[in-house]
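Residue numbers (the numbering used here): 242 to 804.
Working notes, structure below.
Structure below.
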């Protein structure tokens, strides 16, 4: 079998076959056809009649629901892909984002023997020398690892997080496959190029590899602790660095109550209204003051201890907002308040990647409708989650790409508002954030900020005027010497050239077959030479070769689906 080269090694072919079969099982055979997977893997050639194998009950579900089931069946890495895409409403339609948010990162725990082997291998010590007690039953298990409670020799109660054995090998293979599929999407699906599938997969891979490195998570925890040194309402678990490495994390055990356990909070005498406001304060300070925020503040990661103190867990996913982005967020808020559509468009241009084909007139119309929809509505009736969803629906419709940290911020903000309203039905995130926003606007309008901004602009102009004469002279010199070259790349030509090559090859092959048939026919007219049953052996041999080659060519044309 002749197989075209794919950007994966042979060891991934079986996985490709499994993915193809799962796609067909969930009624996505059209995607297999569009990705042209049938020409890459032999199994694809045997399932040209995709639609016959689609399960009738499954195809009754919406395409978004089938995608969730598909990702769950394909395993941990693909579940992570779904969760990652659920934070990218600029890439996915709203109905898909809604379904992808339901994906649960729940997998069976691995055995204690593997836990022990992993700890002793990574920490280079027998467990008996490290722990006084170690609970063999995990308190939580996910695709990356699982957590156990333990007690150190000094009596400290800790939580030990252990990475799933062999995880890196599995993730590496799946990332290779995802990049291969993304490459095929760019090659065979015209509209996919607008969303840069390969870039999205690489972005996902960076996020996942960071999450797999437990030392990064510990550094994040320490950074948060530094940012909130004297805040009595917020605590970060202590890291035990001597018992922490890339695949094992040991941290302080937090004896608290999950923020979602409302009855337990009341029984403990904790004030839910204070907790809601304090949680919002902490999050807004993370974003607007420190520029470093917790990226996944769902109720399972928020614990409350005595005196209504909030403790956040799981710092594997964090977002960063630099000064420039904070300034753009402030401009966006000011523009929305003023119904300044041009201002909103300018911010989108600054922070997003707007396609050159975008219809700016239609975008302005949609943004005007968006601002008017929420104008003069009392704050208590506004819902950040709905506002963000509406805004991202416009962003997705107009194919505007937003930096990942901003989509992560939108997700985290909506989660925090949901937690706040669960604790206190009267909680209003917008009203609570108004003083912070006003402070940001005042700072931006202050003489100090304007002077700093003007100084920065003048420095940039100074640099421009310094290098401009030199660069202009070099450009003119190259033009004089006919040394000026302009690079030009015609996107989309690769597919056309590939199709043209195939057509030319088939035509050449057809000519050879015809020549064999004509030549053999002439030879058959001769009654001299080596004969078999009165017919020329060389003529028969020529007919046989032409027949075999013709059959091979016909099969390949039929398999390509382009008869």
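Think of the CB as a built atom: it goes at the ideal place given N, C-alpha and C, for glycine as much as any other residue.
This structure is a prediction, so every number in the text was calculated from the model and none was measured.
Nearest-angstrom Cα separation, counted from residue j out to residue i
i, j, result
"residue 495", "residue 255", "44 Å"
"residue 474", "residue 569", "30 Å"
"residue 505", "residue 334", "38 Å"
"residue 562", "residue 647", "8 Å"
"residue 699", "residue 692", "10 Å"
"residue 382", "residue 612", "44 Å"
"residue 501", "residue 649", "22 Å"
"residue 545", "residue 515", "11 Å"
"residue 247", "residue 744", "Unreliable positioning characterises residue 247 in this predicted model, as indicated by a pLDDT of 45, which lies under 50. A coordinate reading is not provided."
"residue 288", "residue 270", "Only weak support is given to the placement of residue 288: the predicted model assigns it a pLDDT of 45, under 50, and the question is left unresolved by the model."
"residue 633", "residue 337", "13 Å"
"residue 582", "residue 697", "27 Å"
"residue 352", "residue 359", "11 Å"
"residue 272", "residue 533", "39 Å"
"residue 295", "residue 267", "Here residue 295 scores only 48 on pLDDT, less than 50, and its place in the model is too uncertain to base an answer on."
"residue 782", "residue 261", "41 Å"
"residue 282", "residue 465", "Bear in mind that the predicted position of residue 282 carries a pLDDT of just 49, short of 50, making it unreliable; the figure below should be weighed with that in mind. Approximately 48 Å between the Cα atoms of the pair."
"residue 259", "residue 339", "26 Å"
"residue 455", "residue 302", "39 Å"
"residue 668", "residue 503", "15 Å"
"residue 392", "residue 486", "18 Å"
Classification of residue i by the beta-carbon crowding that lies within 10 angstroms, buried from 16 upward
i, result
"residue 488", "buried"
"residue 290", "With a pLDDT of 45 at residue 290, under the threshold of 50, the predicted position of this residue should be treated as unreliable, and no value is reported."
"residue 720", "exposed"
"residue 293", "Its pLDDT being 45, under 50, residue 293 is placed unreliably in this model, and the value from its coordinates should be taken loosely. It is exposed - the Cβ of residue 293 has fewer than 16 other Cβ atoms within 10 Å."
"residue 710", "exposed"
"residue 762", "exposed"
"residue 618", "exposed"
"residue 415", "buried"
"residue 707", "exposed"
"residue 788", "exposed"
"residue 759", "exposed"
"residue 331", "buried"
"residue 536", "buried"
"residue 795", "exposed"
"residue 285", "Reliability of the predicted coordinates at residue 285 is poor, the pLDDT of 41 falling under 50, and no value is obtained from them."
"residue 364", "buried"
"residue 227", "Outside the displayed range of the chain (242 to 804) lies residue 227, so it cannot be described from this structure."
"residue 459", "buried"
Contact check, residue i vs residue j, beta carbons under 8 Å
i, j, result
"residue 492", "residue 478", "yes"
"residue 538", "residue 499", "no"
"residue 579", "residue 529", "no"
"residue 341", "residue 264", "no"
"residue 893", "residue 627", "Only positions 242 to 804 of the chain appear in the structure, and residue 893 is not among them; the question remains open."
"residue 385", "residue 405", "yes"
"residue 639", "residue 609", "no"
"residue 791", "residue 754", "yes"
"residue 453", "residue 408", "yes"
"residue 576", "residue 590", "no"
"residue 517", "residue 665", "yes"
"residue 444", "residue 434", "no"
"residue 350", "residue 317", "no"
"residue 571", "residue 657", "no"
"residue 238", "residue 253", "Here the chain comprises residues numbered 242 to 804, so residue 238 is not present and cannot be evaluated."
"residue 325", "residue 448", "yes"
is_contact[residue i, chain B] using C-beta, thresh 8 Å
i, result
"residue 334", "Among the protein chains of the structure shown there is no chain B, as only one such chain exists."
Candidates the options, of which the one nearest residue i by Cα
i, options, result
"residue 368", "685, 624, 394, 383", "394"
"residue 398", "371, 411, 421", "371"
"residue 564", "415, 472, 343, 685", "685"
"residue 560", "483, 572, 645, 584", "645"
"residue 411", "666, 531, 321", "321"
"residue 663", "588, 388, 543, 589", "543"
"residue 554", "476, 607, 581", "476"
"residue 357", "532, 677, 376", "376"
"residue 497", "718, 511, 653", "511"
"residue 276", "328, 419, 361", "419"
"residue 388", "361, 490, 259, 301", "490"
"residue 401", "574, 480, 785", "480"
"residue 636", "660, 614, 661, 601", "601"
Strand pairing of residue i, partner residues [DSSP]
i, result
"residue 389", "401"
"residue 493", "399"
"residue 463", "BP columns for residue 463 are empty, so no partner."
"residue 217", "The question about residue 217 has no answer here: the residues shown for the chain are numbered 242 through 804."
"residue 543", "553"
"residue 807", "The chain is shown from 242 up to 804; residue 807 falls before or after that span and cannot be answered."
"residue 480", "492"
"residue 701", "Note: residue 701 sits in no beta bridge, so no partner."
"residue 475", "551"
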